[in-house]
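A.B. asks: In the working numbering, the protein residues as written are 472 to 703. Using N, Cα and C, we set each Cβ at its ideal position, and we do this for glycine too. One structure follows; several queries about it will come next.
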Amino acid sequence: MAHPVTNEASAPPGFAAADLVRRSLRGERLDLRGTLFQAALLLTLLISLAVLITLLVDVFIKGWPVFQARGGDFLTSNLSSFESRAGVWQGLWGSLLLMTIVVVFAFPVGIGAAVYLEEYARDTRLTRIINSNIRNLAGVPAIVYGLLGLAIFVQAMRGITGGRTVLAGGITLAVLVLPIVIITSAEALRAVPQGIREAGYGVGATRWEVIRSHVLPSAAPGIFTGTVLSLA
């Protein structure tokens, strides 16, 4: 007995849709709109890379004569009003100190706050208010944090350090990036599948053991990305 031949005209809609998907996956049918969209994305990426490469080439072309004339002295010299003796050592050293202070103060506090809000805190009205305020603080202009640091950290440390110190600036920057660290760390923790936590609880692990051995390692790439972006 011969089997009936199924063609696209007599096939049910579900079969036709599945066959279309299979053809698309095998590349038998060219999706013009998808191809145009991919081309637009590629063009955008190339334009962004071209702008970045142009800036780097311009900096290299204008800066290379200085290195040829001064050598490493340009990197190790301090600021000076004379162009032939001016260097960038103070700027490099100051930036390194500021970033170190930010890392020491902001990252442990931010990651710890994110762990508490996502893993320990209950979904109460107070928790929602805290989360809302953290998101609002992430959008506050930097000048507001600068005025806050001038009014609090500089004045509070005046008797110890004279007021205007790198420590006051570092703490101010730490307060600035703290909401960003909390938000990005919380998003990374929230992205960890709930099944990982349930599997840990199923074998008798405590909440802290699950967080330390499973949740934090899984969320580490997202947390690291957020911390790097906050430093930028």
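Are Leu702 and Val637 closer than 8 Å when you measure CB to CB?
C.D. replies: Here residue 702 is taken as the residue at index 231 of the sequence shown, counted from 1. Here residue 637 is taken as the residue at index 166 of the sequence shown, counted from 1. The answer is no: Cβ separation not under 8 Å.
A.B. asks: Quick test of your reading: Ile582 and Ser656, contact by CB under 8 Å. State the CB separation rounded to the nearest angstrom.
C.D. replies: On the sequence shown, position 111 is the one that residue 582 refers to. On the sequence shown, position 185 is the one that residue 656 refers to. Contact between Ile582 and Ser656 holds, with the beta-carbon distance rounding to 5 Å and staying under 8 Å.
A.B. asks: For a test of the three-state rule: what should DSSP assign to Met570, helix, strand or coil?
C.D. replies: Here residue 570 corresponds to residue number 99 of the sequence shown, with the count starting at 1. Met570 falls in the helix class under three-state DSSP.
A.B. asks: Excluding the 5 residues preceding and the 5 following Pro475 in the sequence, name in chain order all residues of the same chain whose CB lies nearer than 8 Å to its CB.
C.D. replies: In the sequence shown, counting from the first residue as 1, residue 475 sits at position 4. Any reading at Pro475 needs caution, since the residue's pLDDT is 48, under 50, leaving its predicted position unreliable; the model's value is listed next. Cβ neighbours of Pro475 beyond the five flanking positions: none.
A.B. asks: On the three-state DSSP scale, how would you describe Ala627?
C.D. replies: Along the sequence shown, one-based indexing puts residue 627 at 156. Helix, per DSSP.
A.B. asks: Can the beta-carbon of Ala705 be found closer than 8 Å to that of Ser548?
C.D. replies: Given that the chain is displayed from residue 472 to residue 703, the structure contains no residue 705 and the question cannot be resolved.
A.B. asks: Whole angstroms is fine: what's the gap from Val528's alpha carbon to Ile518's?
C.D. replies: The count along the sequence shown starts at 1 and reaches residue 528 at position 57. The count along the sequence shown starts at 1 and reaches residue 518 at position 47. Cα to Cα, the separation comes out at about 15 Å.
A.B. asks: Considering only their Cβ atoms, is the gap separating Ala585 from Ile667 smaller than 8 Å?
C.D. replies: As a working mapping, residue 667 is identified with position 196 in the sequence shown. As a working mapping, residue 585 is identified with position 114 in the sequence shown. No. Outside cutoff.
A.B. asks: Is Gly671 near Val681, with beta carbons less than 8 Å apart?
C.D. replies: What you label residue 671 is simply residue 200 of the sequence shown in a count that begins at 1. What you label residue 681 is simply residue 210 of the sequence shown in a count that begins at 1. Yes; because the gap between Cβ atoms is below 8 Å, this pair is in contact.
A.B. asks: How is Arg593 classed by DSSP in three states: helix, strand or coil?
C.D. replies: Within the sequence shown, numbered from 1, the residue matching residue 593 stands at position 122. Coil.
A.B. asks: I need the straight-line Cα distance from Ala691 to Phe553, nearest angstrom please.
C.D. replies: Taking the first residue of the sequence shown as position 1, residue 691 is located at position 220. Taking the first residue of the sequence shown as position 1, residue 553 is located at position 82. Cα to Cα, the separation comes out at about 47 Å.
A.B. asks: Tell me where the alpha helix (DSSP H) around Pro692 begins and ends.
C.D. replies: Along the sequence shown, read from residue 1 onward, the residue named residue 692 stands at position 221. That run of the alpha helix (DSSP H) goes 687-702.
A.B. asks: Would you mind reading off the limits of the alpha helix (DSSP H) that contains Val537?
C.D. replies: Residue numbering aside, residue 537 sits at position 66 when the sequence shown is read from its first letter. Counting along the chain, the alpha helix (DSSP H) containing Val537 begins and ends at 503-541.
A.B. asks: Keeping to the same chain, check which residues put their C-beta closer than 8 Å to that of Gln561; ignore five residues upstream and five downstream.
C.D. replies: Your numbering for residue 561 matches position 90 in the sequence shown. Result list for Gln561: Asn549, Leu550, in chain order.
A.B. asks: Identify, in the order they occur along the chain, each residue of the same chain with its Cβ nearer than 7 Å to the Cβ of Glu658, setting aside the five sequence neighbours on each side.
C.D. replies: Position 187 of the sequence shown holds residue 658. Result list for Glu658: Gly693, in chain order.
A.B. asks: Short check: CB of Thr643 to CB of Gly620, under 8 Å?
C.D. replies: Here residue 643 refers to the residue found at position 172 when the sequence shown is read from its first residue. Here residue 620 refers to the residue found at position 149 when the sequence shown is read from its first residue. Yes.
A.B. asks: Take Ile651 and list the residues in its own chain whose beta-carbon comes closer than 6 Å to its own, dropping the five residues that flank it on each side.
C.D. replies: Residue mapping note: residue 651 aligns to position 180 of the sequence shown, counting from 1. Ala609, Ser701, listed in sequence order.
A.B. asks: Asn549 by DSSP, collapsed to three states: which one?
C.D. replies: For the purposes of this step, residue 549 is taken as the residue at position 78 of the sequence shown. Reduced to three states, the DSSP call for Asn549 is coil.
A.B. asks: Could you give the residue range of the alpha helix (DSSP H) that holds Val615?
C.D. replies: As a first step, residue 615 is located in the sequence shown; it is residue number 144 there, counting from the start. Looking at the DSSP string, the run of the alpha helix (DSSP H) that includes Val615 is 613-619.
A.B. asks: Answer with buried or exposed for Val577, where buried requires no fewer than 16 other C-beta atoms within 10 angstroms of its C-beta.
C.D. replies: By 1-based counting over the sequence shown, the position of residue 577 is 106. Per the sequence shown, residue 577 should be read as Ala rather than Val. Burial call: buried.
A.B. asks: Looking only at C-alpha atoms, which of Leu660, Val575, Ala645 sits nearest to Thr696?
C.D. replies: Start at 1 with the first residue of the sequence shown, and residue 696 comes out as number 225. The residue with the shortest Cα to Cα distance from Thr696 is Leu660.
A.B. asks: Give me the Cα-Cα distance between Gly505 and Phe538, rounded to the nearest whole angstrom.
C.D. replies: On the sequence shown, position 34 is the one that residue 505 refers to. On the sequence shown, position 67 is the one that residue 538 refers to. Whole-angstrom Cα-Cα distance: 48 Å.
A.B. asks: Measuring only the C-alpha atoms, how far is Ile614 from Thr677?
C.D. replies: By 1-based counting over the sequence shown, the position of residue 614 is 143. By 1-based counting over the sequence shown, the position of residue 677 is 206. Cα to Cα, Ile614 sits roughly 44 Å from Thr677.
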